[in-house]
């Protein structure tokens, strides 16, 4: 539990608000403090504005708006928790630049099918100012970053948890490939005789032939299918491989997008399935890797940028004149992780490198030593020793499992953390009619 505001600080906060209100008393209502939250306050104008937003949202959804007193307390509690997170963000030095904010506003407008001017007009129609909307987005972005830092670091997923999840039926289901399917059902009577079965098989064969000749699957489904989704072109939606019978899943896994199965005999007739789309799943994941070595020379207090570049150039020239790269790296490179190995970084994923290094490496031929180039770490000379593609399917599945487990834990951990910061804060509520709270 944190120390309460001192007697001298609280009057300063309240006094500043009263002075501000007095200067405009003749033209606008006096604003007031509805809650003191650690070293900040929540103003009644903030509360009233947020309450109006919530009321509008509930009304648009056709819901029942809670009584005013109940809604005020609910919204105030939310503002208090937001305020605490914003204070954490301020102490942590989290800032949102104008460029980031403009980009976020543009994205929101685009998602709603609007340009910026239309977005402004829509806000005005709802009684909200563009400036207030920007401020709210800025607050939400800060809160999001605070949560990413403070909550994410509390989440731990062990290797054993990942292994258990991958081995579980639920894990296999959740990580299995998804397919968007469509079907055509040629039915047979419930107690069909051989002639009826043969007639249905012949019709299914004719439908399949027309599909292979380019007929539209959706139109054929509408015209020929007895399935309940026939009028929707046979659309079945997305199905996970793990949700289907193993034999059918195995068959579908061999299809490419756009392929159709030959007629399949099922108890109710003959079924033709089309693979509309694929996503996710455990297909092979290949990763490009590069075997590279480098020499890093860093500027320092006793070596200027120009002198650093000059030394890197001299080393490059010596390599070009036949001196051994590894020997020079051991003597001169200032990368402690690779210098003792002759500058060898071993096989590395290019995506793990800074853009300048990655670009130089991509443009270099195998066995070629690059001219000196600069990154944030200093001046480099590098040589590509080899390139290969490796199967990282297992690593990709483990990362998928890790993400699923972390997301599962995130919501629970977030609620725990929010309760913790609320319980540890000093909060004094001054909303008329509300229970006075001081912690």
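In mature numbering (1 follows the signal peptide of the UniProt record, and there is no 0), the protein residues as written are -25 to -1, 1 to 414.
Just so you know, even glycine gets a beta-carbon here, dropped at the ideal spot from N, CA and C.
Query                                                                                                                            : Result
Rounded C-alpha distance that separates residue 67 from residue 291                                                              : 43 Å
Three-way DSSP call (helix, strand, coil) for residue 15 in this model                                                           : strand
Limits of the beta strand (DSSP E) - the one that residue 402 falls within                                                       : 402 to 404
Nearest to residue 274 (by Cα), restricted to the options 326, 196, 24 and 285                                                   : 285
Member of 116, 379, 107 and 293 whose CA lies at the smallest distance from the CA of residue 76                                 : 116
Beta-carbon contacts of residue -4 that lie in its chain and below 6 Å, excluding the five residues immediately before and after : A caution first: residue -4 carries a pLDDT of 36, below 50, which makes its placement in the model unreliable, though a value can still be read off. There are no such residues.
C-beta contact flag for residue 62 and residue 139 at 8 Å                                                                        : no
Same chain, Cβ closer than 7 Å to residue 97, neighbours up to 5 away in sequence not counted                                    : 89
Residue 245 versus 201, 282 and 228, residue with shortest Cα-Cα distance                                                        : 201
C-beta contact flag for residue 389 and residue 136 at 8 Å                                                                       : no
Span of the alpha helix (DSSP H) around residue 52                                                                               : 43 to 66
Per-residue burial, residue 49 [other beta carbons within 10 Å of its own, 16 or more giving buried]                             : exposed
Helix, strand or coil at residue 293 according to DSSP, with G and I counted as helix                                            : helix
Through-space distance from residue 160 to residue 231, alpha-carbon basis                                                       : 21 Å
Contact belief for residue 267 with residue 336 at Cβ below 8 Å, rounded distance in angstroms                                   : 6 Å
Residue environment, residue 158, which counts as buried when at least 16 other CB atoms sit within 10 Å                         : buried
Residue 89 - DSSP class collapsed to helix/strand/coil                                                                           : coil
Residue 227 (DSSP reduced to helix, strand or coil)                                                                              : helix
Distance, residue 326 Cα to residue 333 Cα                                                                                       : 8 Å
First through last residue of the alpha helix (DSSP H) which encompasses residue 442                                             : The structure shown does not extend to residue 442, since the chain spans only -25 to 414, so no value can be given for it.
Validate contact between the stretch 145 to 154 and the stretch 246 to 254 using beta carbons, cut 8 Å, 3 pairs                  : yes
Assigned secondary structure, residue 303 (DSSP; H/G/I helix, E/B strand, else coil)                                             : helix
Under 8 Å between C-beta atoms of residue 317 and residue 339                                                                    : no
Cβ neighbours of residue -1 in the same chain (closer than 6 Å, five flanking residues each side left out)                       : The predicted model places residue -1 with a pLDDT of 39, which falls under 50 and marks its position as unreliable; any figure quoted below should be read in that light. Result list for residue -1: empty, nothing under 6 Å.
8 Å Cβ shell around residue 212 - same chain, five flanking residues per side excluded                                           : 155 and 156
Reduced DSSP category for residue 330 - H, G, I as helix; E, B as strand; rest coil                                              : helix
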